[in-house]
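Notes follow the structure.
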Amino acid sequence: MSQFKSCIDACQQCVVACTECLEAMGGKKSDNDCPSCCAQCIDICEACVKAMARDSKYASQFCQLCAEICKWCADQCGQHDHDHCKRCAEACRKCVKECESMAASAA
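Reminder that position 92 of the sequence shown reads as 981 in the working numbering, one-by-one numbering, no gaps.
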């Protein structure tokens, strides 16, 4: 599992940032897919962490999908000026980088 450590860490940090963003955006009007993207990002990041922790033969596919969803979330939250959205977008970008790297190395 040590080969997954940096990717697992990035996914876990993304879950925290997306959860904070989702909570902060509760009840606020948004002109894009934030905070819906955060909920979907949380789900795939958690699934990705579990797949890597199990050393699943599908971990690279989970990571590829995670990278795609995190790109979308980074784009959506990155359009907002809220601090929590900026933190979320940055965590998503880091997760994209780690997940793409992990998916490429496992392919």
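For glycine and all other residues, C-beta sits at the position ideal for the given N, C-alpha and C.
Cβ pair residue i, residue j closer than 9 angstroms
| i | j | result |
| --- | --- | --- |
| GLN987 | ALA963 | Checking the displayed sequence, the identity of residue 987 turns out to be Glu instead of Gln. No. |
| ILE958 | GLN929 | yes |
| GLU909 | CYS977 | yes |
| CYS903 | CYS981 | yes |
| CYS934 | HIS969 | no |
| LEU911 | CYS927 | yes |
Nonlocal neighbours in the same chain, by C-beta distance under 6 angstroms from residue i, ignoring five residues either side
| i | result |
| --- | --- |
| MET941 | PHE893, ILE897 and ALA948 |
From the options, residue whose alpha carbon lies closest to that of residue i
| i | options | result |
| --- | --- | --- |
| VAL985 | LYS960, CYS966 and GLY967 | LYS960 |
| ASP972 | VAL905, ALA899, VAL904 and ALA913 | ALA913 |
| ASP920 | ALA995, GLY967 and CYS955 | GLY967 |
| SER891 | VAL905, GLU989 and ARG943 | ARG943 |
Local Cβ density within 10 Å of residue i, reported as buried at 16 or more and exposed below that
| i | result |
| --- | --- |
| ALA899 | buried |
| LYS946 | exposed |
| ALA992 | buried |
| LYS983 | buried |
Contact belief for residue i with residue j at Cβ below 8 angstroms, rounded distance in angstroms
| i | j | result |
| --- | --- | --- |
| CYS907 | ILE931 | 5 angstroms |
8 angstroms Cβ shell around residue i - same chain, five flanking residues per side excluded
| i | result |
| --- | --- |
| ALA995 | ALA948, SER949 and CYS952 |
Close beta carbons around residue i, own chain, < 7 angstroms, minus the five adjacent residues each side
| i | result |
| --- | --- |
| GLU989 | ALA956 |
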